[in-house]
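Taking it in order: structure first as structure tokens, then the write-up.
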């Protein structure tokens, strides 16, 4: 795992010792008038609600499990970057690629309420794009407890 990620794949703040070591290393190369500030980023925990239509031949329970696994894979913390938005259409595209999924009903989106206050329905967000917090507060989206925070319906 990389720094900021534990063996379960969840994020954590960078240890103070590491931050101090980076500051010491960089200070040897900076100009005297340069100032360096290091800030921990914000972790935005969220959940996913999905609603798909299965083909007649498909077993709904299996389709639901495949959708959950695809969402877990899509939001794996190693795939997420600070400042990276969530593109709802890309997630819908991934779900459409699952054998047995006939359609993805719109309305299934990332939802708050999982330990962080974040306005997922902000009018500042273009339709279908969930933007992280502004650049003054670097943030990363994290699906911390996927087994509890992914819920869906297969029709």
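Numbering (the working numbering), first residue to last: 100 to 254.
Glycine is no exception: its CB is placed at the ideal position from the N, C-alpha and C atoms.
Here the structure is a predicted model, which means the values were calculated and not measured.
With respect to the 8 Å criterion, residue 230 and residue 147 are not classified as neighbours on the basis of their beta carbons. The C-beta separation of residue 163 from residue 193 comes to about 15 Å, leaving the pair out of contact by the 8 Å criterion. Non-local C-beta neighbours of residue 129 in its own chain, meaning closer than 7 Å and more than five positions away in sequence, comprise 135, ordered along the chain. Inclusion of residue 153 and residue 252 in the CB contact set at 8 Å is not warranted, their separation being larger than that value. By the neighbour-count criterion, in which a residue is buried when 16 or more other Cβ atoms sit within 10 angstroms of its Cβ, residue 131 is exposed. Residue 179 and residue 239 have their C-alpha atoms spaced approximately 7 Å apart.
From the listed residues 201, 116, 167, 118, the smallest Cα separation to residue 245 is found for 167. Pairing residue 161 with residue 196 gives a Cβ-Cβ distance that is not under 8 Å. Contiguous beta strand (DSSP E) elements confined to the stretch 115-156 occur at 141-144, 146-153, taking only those with 3 or more residues. Look at residue 229 here: in three-state DSSP terms it is strand.
Annotation: the continuous beta strand (DSSP E) that includes residue 238 extends over 238-241.
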